[in-house]
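Visitor:
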Amino acid sequence: MKTTKRRDFIKNLARGAVLAGIAGVCGMLGLRKNKYQCSGRCGTCKPANGGVCPLDSAAGSGFVWQLDPEKCTQCGRCATHCVLAPSAVKCFHSYSICGYCDLCGGYLRPDAKERNTGAENQLCPTAAIRRKFIEDPYYQYTIDEELCIGCGKCVRGCSTFGNGSLYLQVKHNLCVNCNECAIARACPSDAFRRVPASEPYLLKSNQEKRIS
Amino acid sequence: MIPAFKFQVSDFAVRVSEFRFPMPEFASGYKHPAVYTPAPSSLMAGWDIVALIAALTLAAIFVLKRRKRREIFLLTLFSLIYFGFWRNGCICAVGSVQNVAAGFFNPAFGVPLTVLIFFAAPLIFALLFGRVFCAAVCPLGAIQEAVAIKPVKVPPAVEKVLSIAPVIYLGLAMLSVAAGAGFLICRYDPFVGFFRMGASFSLLIFGGLMLVLGIFVARPYCRFLCPYGVLLNWASKLSRRHATITPAECIRCGLCADSCPYNAISEPSPEAAPETRGRGARRLGLLILLLPVLVALGAGTGSLLREPLSRMHPTVRLAERIAGEELGRYTGNTIESAAFRASDTPNEKLYAEAVALKERFGRGGKWFGAFIGLVIGCKLIGVSIRRKRTDYEPDRGTCYSCGRCFKYCPVKASCREKPAGSTPDTAEFRQY
Chain F
0 MKTTKRRDFI
10 KNLARGAVLA
20 GIAGVCGMLG
30 LRKNKYQCSG
40 RCGTCKPANG
50 GVCPLDSAAG
60 SGFVWQLDPE
70 KCTQCGRCAT
80 HCVLAPSAVK
90 CFHSYSICGY
100 CDLCGGYLRP
110 DAKERNTGAE
120 NQLCPTAAIR
130 RKFIEDPYYQ
140 YTIDEELCIG
150 CGKCVRGCST
160 FGNGSLYLQV
170 KHNLCVNCNE
180 CAIARACPSD
190 AFRRVPASEP
200 YLLKSNQEKR
210 IS
Chain L
0 MIPAFKFQVS
10 DFAVRVSEFR
20 FPMPEFASGY
30 KHPAVYTPAP
40 SSLMAGWDIV
50 ALIAALTLAA
60 IFVLKRRKRR
70 EIFLLTLFSL
80 IYFGFWRNGC
90 ICAVGSVQNV
100 AAGFFNPAFG
110 VPLTVLIFFA
120 APLIFALLFG
130 RVFCAAVCPL
140 GAIQEAVAIK
150 PVKVPPAVEK
160 VLSIAPVIYL
170 GLAMLSVAAG
180 AGFLICRYDP
190 FVGFFRMGAS
200 FSLLIFGGLM
210 LVLGIFVARP
220 YCRFLCPYGV
230 LLNWASKLSR
240 RHATITPAEC
250 IRCGLCADSC
260 PYNAISEPSP
270 EAAPETRGRG
280 ARRLGLLILL
290 LPVLVALGAG
300 TGSLLREPLS
310 RMHPTVRLAE
320 RIAGEELGRY
330 TGNTIESAAF
340 RASDTPNEKL
350 YAEAVALKER
360 FGRGGKWFGA
370 FIGLVIGCKL
380 IGVSIRRKRT
390 DYEPDRGTCY
400 SCGRCFKYCP
410 VKASCREKPA
420 GSTPDTAEFR
430 QY
């Protein structure tokens, strides 16, 4: 009888210690202030926005995956390596930095015969870019995100020949926010990183605001 | 004058390189649309926590109070549908170990509250009620439980030896996180492909084979791979309450041991002691002396495995590839090496990074090996100690609280209230 009591006592002690350990680890990680590496690009910490970096808040606020268009090399893996099919990475278009070119490097194939919406002239493999006439000689290009597969072909064309207003971003209503993003692992140019969920996009139009 | 002029030129150069074609002034008064930036859906996270806690509580009630295999199985199916197919197998407690480890090793890594709760709640429940999480909440366990139709017995010795595999997997996953080589457990999750209806071909084959194997060897992933199961096993050993096979007194019929597909029921110890107390004590002493030897051996082996282990890290692989390309060992580029060459990083910087990483893997490998040595030593000690047991009891560490044995136990709770007549207890028969 005595031995079982002693064993129970030791067990109780051990259980208490493990519980305290779990609580300690979770408390430490949950209450810790984040010292996230500042990329200096999101611009939320500027006085106009309240001067507070969202990354300085407690870790509980959560992070999501995003890709840095500055680092992206348009290798095409975003289209093939996402756990979703089609990928949660889509082409974004920042109209505010677009040149509205008639001869658009993102829309037309380099060897296109004519500058029109003919399928043989389009660079996009799924015809996800819509071309709309605005006024001579300007055209607006819109991404149909239902069709876009995130292959980045137009991104390469636009950044080579144009302003780079087309670029890839993780679209967060689609992204399932995996523990370890499968594209991030496959990305050859290390363009993926976690960003705060309150500021989930790395838009080029923010950058444009900063420059002007 | 000149510096100011220079500044202007460079400023202009920046603008030109950013925007070759400035946005035109539209005569028609065209206004461009805004970029559509939908917010991340965080609404579900709260429900996930509610569902987890509710499922754990229900599982504990079903296992400890109601003792019905059917109810436990229905809850398992709910978890399979909700945590598995509905939430696409993410977030899961099995993977949360890595987030917690990453937060531990890397002060800049933020761990969301949901992940912390998914990590801690199943462990706390295991400390209180046994592995009720494995029984009916874990979607990975649930999909295997659903296919375990014709389970056969694995020889206990084989089971014991194979149970070291999850510890090695856990160690490797922790090493990978500590060195920044990514989350192994998520990468090689065999069932998440089924939950998401899509995965790489090799992973689908692996998952499919696991499920086919799971028809005959129940829960192969849980028993021989699951790294979180290692922690649950340890926590459950200390559990305050645990599922009991029989609601009343054990009659030592052995039916439960036949029903358990997991070798998780310990038989009563034989009447005669198999060996003298002195011999047992001597062996225990020897094994305790062996423990530091095993730890040292493991640490040595771990640091010898530095090179192969370090290849887990993509930077090390890239550095080796680049070095090989420089030496003319490979022809052509991979996407990675092409992207590296397109960036302006000098090779030396990459090599220095790879060398530092290898050193890190050397240190981590030592810890990894020592951990494996320690666990093997403790397992040997555990095997050598024979507890005196009079009844069939679930092994608190390995029992998944699946409830199969409840149905097989011929003793029913009502027997306790009824007088001896219906109780097949020999001791009571003798009284009459």
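Protein chains in written order, with numbering that gives the first Met the number 0: chain F, 0 to 211; chain L, 0 to 431. All C-beta atoms in this analysis are idealised placements derived from N, C-alpha and C, irrespective of residue type, glycine included.
(1) Do the segment 363-373 of chain L and the segment 290-310 of chain L make contact, defined as three or more Cβ pairs closer than 8 Å?
(2) If you compare alpha carbons, which of L:K387, L:K378, L:S400, L:G129 is closest to V160 (chain L)?
(3) Should V110 (chain L) be labelled buried (16 or more other beta-carbon atoms within 10 Å of its own) or exposed?
(4) What is the residue span of the beta strand (DSSP E) that I133 (chain F) lies within?
(5) If we ignore side chains and look at the alpha-carbon of each, how far apart do V374 (chain L) and V229 (chain L) end up?
(6) Is A178 (chain L) near L356 (chain L), with beta carbons less than 9 Å apart?
(7) Would K387 (chain L) be called buried (16 or more neighbouring beta carbons within 10 Å of its own) or exposed?
(8) Alpha helix (DSSP H) containing K406 (chain L): first to last residue?
(9) Could you list the residues in the segment 322-345 of chain L with a C-beta less than 9 Å from some C-beta on chain F, going in chain order?
(10) Within 10 angstroms of the Cβ of F200 (chain L), are there 16 or more other Cβ atoms? Answer buried if so, exposed if not.
(11) Taking Y81 (chain L) as the reference, give the member of L:W46, L:C225, L:R218 with the closest Cα.
(12) Should E325 (chain L) go down as buried or exposed, given a rule of 16 or more other Cβ atoms within 10 Å for buried?
(13) I'd like to know whether the C-beta atoms of P187 (chain F) and A337 (chain L) end up nearer to each other than 9 Å.
(14) Are at least three pairs of beta-carbons, each pair with one atom in the segment 191-199 of chain F and one in the segment 100-110 of chain F, less than 8 Å apart?
(15) Tell me whether S265 (chain L) sits in a helix, a strand or coil according to DSSP, three-state version.
(16) Would P241 (chain L) and F108 (chain L) be called neighbours here (beta carbons separated by less than 9 Å)?
(17) Does V194 (chain F) come out as helix, strand or coil in the three-state DSSP assignment?
(18) How long is the line joining the alpha carbons of Y350 (chain L) and F360 (chain L), rounded to whole angstroms?
(19) Does F20 (chain L) come out as helix, strand or coil in the three-state DSSP assignment?
(20) Using C-beta distances below 6 Å, list every residue in its chain close to R66 (chain L), excluding the 5 sequence neighbours before and after it, in chain order.
(21) Is DSSP giving E306 (chain L) helix, strand or coil here?
(22) Are the beta-carbon atoms of C147 (chain F) and A127 (chain F) separated by less than 9 Å?
(23) Quick one: does C74 (chain F) have its CB under 9 Å from some CB of chain L?
(24) Using a Cβ cut-off of 9 Å (strictly closer), state whether H312 (chain L) contacts chain F.
(25) Given a limit of 9 Å on CB to CB distance, which residues of the segment 82-106 of chain F reach chain L?
(26) Could you give the uninterrupted runs of the alpha helix (DSSP H) lying entirely in the segment 88-156 of chain L, keeping only those of 4 residues or more?
(27) In whole angstroms, give me the CA-to-CA distance for A119 (chain L) and A59 (chain L).
(28) Between C177 (chain F) and C137 (chain L), how many whole angstroms is the CB-CB distance? I'm expecting something under 8 Å.
(29) Are the segment 139-146 of chain F and the segment 147-158 of chain L in contact at 8 Å, needing three or more beta carbon pairs?
(30) Looking at F62 (chain F) and Y166 (chain F), is the spacing between their C-beta atoms short of 9 Å?
(31) Is the Cβ-Cβ distance between F124 (chain L) and L55 (chain L) less than 9 Å?
(32) Out of L:V131, L:I380, L:C89, which has the shortest C-alpha to C-alpha gap to F61 (chain L)?
(33) Who are the near neighbours of R195 (chain L) in its chain, counting only those whose CB is closer than 8 Å to its CB and skipping five residues on each side?
(34) If you run the structure through DSSP and keep just helix, strand and coil, what is C221 (chain L)?
(35) How about R222 (chain L) and P155 (chain L): do their beta carbons lie closer than 9 Å?
(36) Which stretch, first to last residue, makes up the alpha helix (DSSP H) that contains C77 (chain F)?
Guide: Quick answer:
(1) They touch, by the three-pair rule.
(2) Answer by Cα proximity: L:K378.
(3) V110 (chain L) comes out buried.
(4) Looking at the DSSP string, the run of the beta strand (DSSP E) that includes I133 (chain F) is 128-134.
(5) 11 Å
(6) yes
(7) So K387 (chain L) ends up on the exposed side.
(8) Unbroken alpha helix (DSSP H) run through K406 (chain L): 403-407.
(9) For the segment 322-345 of chain L, which is checked against every Cβ of chain F, the residues closer than 9 Å are T333, I334, E335, S336, A337, A338, F339, A341, S342.
(10) Flag for F200 (chain L) reads exposed.
(11) L:W46
(12) exposed
(13) yes
(14) no
(15) strand
(16) It is His, not Pro, that sits at residue 241 (chain L) in the sequence shown. No, they are not a contact pair.
(17) Residue state, collapsed to three classes: strand.
(18) 15 Å
(19) coil
(20) F405
(21) helix
(22) yes
(23) Between C74 (chain F) and chain L, the shortest Cβ-Cβ separation is below 9 Å.
(24) no
(25) V82, L83, A84, F91, H92, S93, Y94, S95, I96, C97, G98, Y99, C100
(26) Correct list: 92-104, 112-128, 131-135, 138-146.
(27) 16 Å
(28) In fact, because the Cβ distance is near 18 Å, the residues do not count as touching under 8 Å.
(29) The answer is no - the segment 147-158 of chain L does not touch the segment 139-146 of chain F, with fewer than three Cβ pairs under 8 Å.
(30) no
(31) yes
(32) Residue nearest to F61 (chain L) within the set L:V131, L:I380, L:C89 is L:V131 (criterion: CA-CA distance).
(33) The answer, listed in chain order, is N87, G88.
(34) helix
(35) no
(36) 76-80
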